[in-house]
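Each residue of the sequence shown is one higher than the one before, starting from 32 at the first, in my numbering.
Worksheet: one structure, shown below.
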Amino acid sequence: MKTILVPTDFSRVSNNAIDYAAELAVFSKSKLILFNSYHIPVAVTEVPA
């Protein structure tokens, strides 16, 4: 294993997963990547032509 990807929302529960993945990365000498994304809501309205 060379890279560990950890999707997270930085909640308390996901922080436990990050801790576990960090220990696993050290043990396996892997690179650790944290991934966080969010959705920006967009209002769709009709525009007269």
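Cβ atoms here follow ideal geometry from the backbone N, Cα and C, with glycine treated the same way.
None of these values were measured; they are calculated from a predicted model.
Below 8 angstroms between beta carbons: does that hold for Thr-39 and Ala-48?
yes
Measuring straight from C-alpha to C-alpha, what distance separates Val-78 and Asp-50?
49 angstroms
Excluding five sequence neighbours on each side, which residues of the same chain lie with their C-beta closer than 6 angstroms to the C-beta of Ala-56?
Ile-35 and Leu-63
Helix, strand or coil: which one does DSSP assign to Val-78?
coil
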